[in-house]
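Read the structure below first, then the notes.
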Amino acid sequence: MKLKGAGFDASEKAIYKWFMNSQERNVPVSGPMLKELQTDDFKDFKAHYRTLTVELFIHAVDNDQPLPKISIIVAMNVLTAAWDKVSNIRVQNCFKRAGISNESQECAINDNDVPFKELDEELNKIMHYQKLTLKP
């Protein structure tokens, strides 16, 4: 049961769907994937994000408006716009260097000796049960 409703249901559903797809394919959502974000390989993304954020403040100053407060929705919109400016080749190269490629996904999908496999199966059962019992 969800205790507090999200203000951004579409975003929450998209994040949940991405997370569940990653879990189903045994793609790690931490470790190499997150470490890659700390390298210079994502400097384009970081630069686009910073540029767009600064542009928000410049726009406010130029129009004699108060400086904007960066809410979660504004940050998500800026992140999305920054991500859209990063080239597909750059993203593919980053995933390859992090060890995430089509080959590694297929290997993970076909690996029967996955750590925590039993725990993963139990969590999937619980989540499936919750979906069935919590339908509006």
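So for the sequence shown, the working numbering puts the first residue at 1269; every next one is plus one. C-beta: ideal position from N, C-alpha, C; glycine also. This one's a predicted model, so the numbers in the text were calculated from it and none came from an experiment.
Leaving out the 5 sequence neighbours to the left and right, which residues in its chain are closer than 8 Å to residue i when beta-carbon positions are compared?
i	result
LEU1347	TYR1317
Suppose contacts are defined by Cβ-Cβ distances below 8 Å. Is residue i in contact with residue j by that definition?
i	j	result
PHE1222	PRO1334	In the structure as shown, the chain begins at 1269 and stops at 1404. Residue 1222 is therefore absent and cannot be evaluated.
Tell me, to the nearest whole angstrom, how far the beta carbon of residue i is from that of residue j; I am working on the premise that it is less than 8 Å.
i	j	result
VAL1342	PHE1313	Not a contact, Cβ separation roughly 17 Å.
Using a Cβ-Cβ cut-off of 6 Å (strictly less than) and excluding sequence neighbours within five positions of residue i, which residues of its own chain qualify?
i	result
LYS1311	none
ASN1361	none
GLN1291	none
So, at 7 Å on beta carbons, what are the nonlocal neighbours of residue i in its own chain, with the 5 sequence-adjacent residues on each side left out?
i	result
ALA1350	PHE1313, HIS1316, TYR1317, LEU1320
*Within the segment 1316 to 1348, ranges of the beta strand (DSSP E) (whole runs, at least 3 residues)*: Counting only runs of 3 or more, we get nothing.
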